[in-house]
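What follows is a short report on a single structure.
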Amino acid sequence: MITVYVPCDASAVSLGADEVARAIQAEADRSKTEIKIIRNGSRGLFWLEPMVEVATPQGRIAYGPIGEDDVAGLFAAGFLQGGAHALRRGNPEEIPYLKNQERLTFARCGVIDPLSIEDYIAHGGYQGLTNALKMQLADIVAAVTESGLRGRGGAGFPTGIKWKTVLATPADQKYIVCNADEGDSGTFADRMLMEGDPFLLIEGMTIAGLAVGATKGYVYIRSEYPISFAQMQRAIEVANAKGYLGDNVRGSGKAFQLELRLGAGAYICGEETSLLDSLEGKRGMVRAKPPLPAISGLFGKPTVINNVLSLAAVPTILDKGAAFYKDYGMGRSRGTMPLQLAGNIKRGGLVEKGFGLTLRQVIEEFGGGTASGRPIRAVQVGGPLGAYFPASLLDTPIDYEAMAAQKGMLGHGGIVVFDDSVDMAQQARFAFEFCATESCGKCTPCRIGSTRGVEVIDRIVAGEERDRNFIVLDDLCETLLDGSLCALGGLTPFPVQSALKHFPEDFHRAPRKTARAAE
Amino acid sequence: MSVRDWDAETGRGIVRALKHLEGALLPILHAIQDEFGYVDEAAVPIIADELSLSRAEVHGVMSFYHDFRKHAPGQHIVKICRAEACQSVGGRDSEAHAKDRLNTDFHETSADGRYTLEPVYCLGNCACGPSAMIDGKLYGRVTPRRLNQLVDALEGRR
Numbered sequence: 278m279i280t281v282y283v284p285c286d287a288s289a290v291s292l293g294a295d296e297v298a299r300a301i302q303a304e305a306d307r308s309k310t311e312i313k314i315i316r317n318g319s320r321g322l323f324w325l326e327p328m329v330e331v332a333t334p335q336g337r338i339a340y341g342p343i344g345e346d347d348v349a350g351l352f353a354a355g356f357l358q359g360g361a362h363a364l365r366r367g368n369p370e371e372i373p374y375l376k377n378q379e380r381l382t383f384a385r386c387g388v389i390d391p392l393s394i395e396d397y398i399a400h401g402g403y404q405g406l407t408n409a410l411k412m413q414l415a416d417i418v419a420a421v422t423e424s425g426l427r428g429r430g431g432a433g434f435p436t437g438i439k440w441k442t443v444l445a446t447p448a449d450q451k452y453i454v455c456n457a458d459e460g461d462s463g464t465f466a467d468r469m470l471m472e473g474d475p476f477l478l479i480e481g482m483t484i485a486g487l488a489v490g491a492t493k494g495y496v497y498i499r500s501e502y503p504i505s506f507a508q509m510q511r512a513i514e515v516a517n518a519k520g521y522l523g524d525n526v527r528g529s530g531k532a533f534q535l536e537l538r539l540g541a542g543a544y545i546c547g548e549e550t551s552l553l554d555s556l557e558g559k560r561g562m563v564r565a566k567p568p569l570p571a572i573s574g575l576f577g578k579p580t581v582i583n584n585v586l587s588l589a590a591v592p593t594i595l596d597k598g599a600a601f602y603k604d605y606g607m608g609r610s611r612g613t614m615p616l617q618l619a620g621n622i623k624r625g626g627l628v629e630k631g632f633g634l635t636l637r638q639v640i641e642e643f644g645g646g647t648a649s650g651r652p653i654r655a656v657q658v659g660g661p662l663g664a665y666f667p668a669s670l671l672d673t674p675i676d677y678e679a680m681a682a683q684k685g686m687l688g689h690g691g692i693v694v695f696d697d698s699v700d701m702a703q704q705a706r707f708a709f710e711f712c713a714t715e716s717c718g719k720c721t722p723c724r725i726g727s728t729r730g731v732e733v734i735d736r737i738v739a740g741e742e743r744d745r746n747f748i749v750l751d752d753l754c755e756t757l758l759d760g761s762l763c764a765l766g767g768l769t770p771f772p773v774q775s776a777l778k779h780f781p782e783d784f785h786r787a788p789r790k791t792a793r794a795a796e
Numbered sequence: 004m005s006v007r008d009w010d011a012e013t014g015r016g017i018v019r020a021l022k023h024l025e026g027a028l029l030p031i032l033h034a035i036q037d038e039f040g041y042v043d044e045a046a047v048p049i050i051a052d053e054l055s056l057s058r059a060e061v062h063g064v065m066s067f068y069h070d071f072r073k074h075a076p077g078q079h080i081v082k083i084c085r086a087e088a089c090q091s092v093g094g095r096d097s098e099a100h101a102k103d104r105l106n107t108d109f110h111e112t113s114a115d116g117r118y119t120l121e122p123v124y125c126l127g128n129c130a131c132g133p134s135a136m137i138d139g140k141l142y143g144r145v146t147p148r149r150l151n152q153l154v155d156a157l158e159g160r161r
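Right under this line is the structure:
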């Protein structure tokens, strides 16, 4: 029996992985060869997806990108024994892109069978929970604090501080909520993790529940991720059946129930208070803070709300120790960051490294430059609310503070590359348009300002009283920055102002009409 | 995509099966849309009644979220990603081509009832754009040419 791995990851599937898996099974049946296909996660080397791996006596051998039509040829080349083929990539872990990473959170993703709890445990899974079960609650929280882990969703708030507040707030019910509403363009790490290593998130949430005395957890997954939802659902069923979730976790006498909830296409629900309202069955409106969710969160109860990657970092910290995790990174950004290389990039994918490498290193050394082969002109870091960096600023280190110093943010770690065909006035306009579409409507700067922003940029582009409209635009941006309730309105000026600052020529071209205005 | 006529008895059954959940409204709206393809206006008073909410509250929640449809969609639902990572690899061309080829606009259904076109802001496939989702299945590198192939395949299956 030969084991063949074909990813079930949504990106691999979007490029034909399901069809490839079917073709491999059909070809094996035809040649009466016994094989076992495991639908693993993706290793995050997306230019090689669908990347098929075969377990040979010499270790795993990868082939990619494989199309349905390549399958007969692979069999003819003896790929089940690791045979030579034009698409043979050798040992996947020796591919420099993967070899040069520091994978802690994503160490198992793409390696194991995501739905096999035995496979998860065999690869070091549940060590963190085992350790946590022997510790005092305050010591678990202290370990997370000492590790320096900061919220990987975007805001970078110290995770341990949140947990400490929830632990210290007495209540009859507390909650752990996982924010899996990964709406930022250019990001897919949460998705990859839920599809490729779902037990890691379950373990992280279980540890969080244990640490703060919460018996119930929710994972709020965006509806754009149907494969993640299904995969998490199955993993939760397995964990319940094996006693890793439920009324008596691992025989500890402690309960932790986990439930999934599906979002409904609202970007704003990635904002933590809006997500809580949505979970309560309401419109996803942003709440004013205080009170902090840690004190009055879901249904008014103390709630730990963390991003997928923050919670998924916790098992490593409890397994290997706070010092081990803290050893990675630079300055006040400790540990590793799963960066996501996206857009117009030759080798797009997931790069997990300690903080501190530069944008250029990620984009050039890992990514290999643009997919189009044209020069890089702009790089948007941190999703739709992140700043556009010009090529001249690519030596900025990837670190929360260094990004902030450039009036940008690391956010959830998305890096979207644009070549020189990009029109930055259009990108600035889109930032406002997106804000207008996704605003929850609670505060005026965001609700009204976003639409006014689209109009002002249209006037500038059309050549109407440019100098005066630039003043209006500046004023509008200041209003959004200072007057918005949450990050959507408050950060929409980042992409706009960075486009204005670094690419002014795009706003001074011969008058023209924007796409929408021309209709 | 399954679409069927609204039927109050089935609708109320769905609501009753889920109303015990904490914050049950979103799961209920999703379940109704999964069953009927949209959330009929007639569902609103039933949900309100079962959850002891006002009709305005249910309507308010339903209209807040992009996912919930008030009308039956076309036979196929095509979602095109409009977000930045897809823009950087020609997403705007794919967007324009989709409108042209499917003969409809965003948030609308083609006159022959075949296609509903919806914008989506990120499908999490950002290293393999432009991305599209057709009847719930994700596709990567959807250039205008690839979109034609995918639509041709749907036409063939008619």
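Line order of the protein sequences matches chains A and B. In terms of our numbering, the first sequence has 288 at position 11, counting the first letter as 1, and numbering is strictly consecutive. In terms of our numbering, the second sequence has 95 at position 92, counting the first letter as 1, and numbering is strictly consecutive. By construction, the Cβ of each residue, glycine as well, lies at the ideal position given by its N, Cα and C atoms.
- Going by beta carbons, V331 (chain A) and L357 (chain A) fall inside the 7 angstroms limit.
- Q508 (chain A) does not reach chain B, its nearest Cβ partner there being about 13 angstroms away, counting only Cβ pairs nearer than 9 angstroms.
- A direct Cα-to-Cα measurement between T593 (chain A) and D467 (chain A) gives close to 17 angstroms.
- Distances from the alpha-carbon of Y497 (chain A) to those of A:V656, A:N456, A:A532 put A:N456 closest.
- In the DSSP secondary-structure assignment, R337 (chain A) is bridged to A:A332.
- Close partners of D461 (chain A) in chain B (Cβ separation under 8 angstroms): C125.
- Residues of the stretch 689–709 of chain A with a C-beta atom less than 8 angstroms from some C-beta of chain B are G691, V693, V694, F695, D696, V699, Q704, F707, listed in chain order.
- Within the model, the alpha-carbon separation for A565 (chain A) versus L539 (chain A) is close to 24 angstroms.
- For E480 (chain A), the closest C-alpha among the options A:R651, A:G344, A:L595 is that of A:L595.
- Taking all protein chains shown into account, K439 (chain A) has 16 or more neighbouring C-beta atoms within 10 Å of its C-beta and is therefore buried.
- The C-alpha of A420 (chain A) is placed about 25 angstroms away from the C-alpha of D449 (chain A).
- Among the residues facing chain A, L153 (chain B) is not included, as its CB has no counterpart in that chain under 7 angstroms away.
- In terms of Cβ geometry, F771 (chain A) and L662 (chain A) form a close pair [threshold 7 angstroms].
- Distance from the CA atom of Y282 (chain A) to the CA atom of A705 (chain A), rounded to whole angstroms, is 42 angstroms.
- Cβ atoms of H79 (chain B) and P147 (chain B) stay farther apart than 8 angstroms, at about 18 angstroms.
- A distance below 6 angstroms between beta-carbons, with the five flanking residues on each side excluded, links D390 (chain A) to the following residues of its chain, in chain order: I315, D396.
- Shown here, K313 (chain A) sits in a strand according to DSSP, grouped into three states.
- The beta-carbon separation of L150 (chain B) and A135 (chain B), rounded to 7 angstroms, stays under the 8 angstroms limit for a contact.
- When Cβ-Cβ separations below 7 angstroms define contact, N456 (chain A) makes no contact with chain B.
- If only uninterrupted beta strand (DSSP E) runs of at least 3 residues are considered, those enclosed by the stretch 528–598 of chain A are 534–539, 580–584.
- F666 (chain A) sits in a strand when the DSSP states are folded into three classes.
- Where Q657 (chain A) is concerned, the enclosing beta strand (DSSP E) starts and stops at 653–658.
- Contact check for P48 (chain B) and C84 (chain B): beta-carbon distance about 36 angstroms, past the 8 angstroms limit, so the pair fails to qualify.
- Residue pairing of P674 (chain A) in beta bridges, as defined by DSSP: A:T635.
- Any Cβ of chain B closer than 7 angstroms to the Cβ of L292 (chain A) would place that residue at the interface, and such an atom is present.
- Under the three-state reduction of DSSP output, C84 (chain B) falls in the strand class.
- In the DSSP annotation of this structure, T728 (chain A) is not part of any beta strand (DSSP E); the continuous alpha helix (DSSP H) holding it starts and ends at 721–738.
- Within chain A, the C-beta atoms nearer than 8 angstroms to that of V64 (chain B) come from G558, K559, R560, in chain order.
- Within chain A, the C-beta atoms nearer than 9 angstroms to that of E25 (chain B) come from K493, Y495, E536, L556, E557, G558, L575, F576, in chain order.
- Contact between I417 (chain A) and A532 (chain A) fails: their C-beta atoms lie close to 17 angstroms from each other, not under 8 angstroms.
- Spanning the alpha carbons of K376 (chain A) and E678 (chain A) requires a straight line of approximately 27 angstroms.
- Secondary structure at V699 (chain A): coil, using DSSP grouped into helix, strand and coil.
- Rounded to the nearest angstrom, the gap between the Cα atoms of Y544 (chain A) and F39 (chain B) is 25 angstroms.
- Nearest C-alpha to V329 (chain A) among A:Q335, A:K309, A:L351: A:L351.
- Using a CB distance below 7 angstroms, no part of the stretch 334–361 of chain A faces chain B.
- Of all alpha-carbon atoms in A:L687, A:N621, A:F643, A:A681, the one lying nearest the alpha-carbon of A655 (chain A) is that of A:N621.
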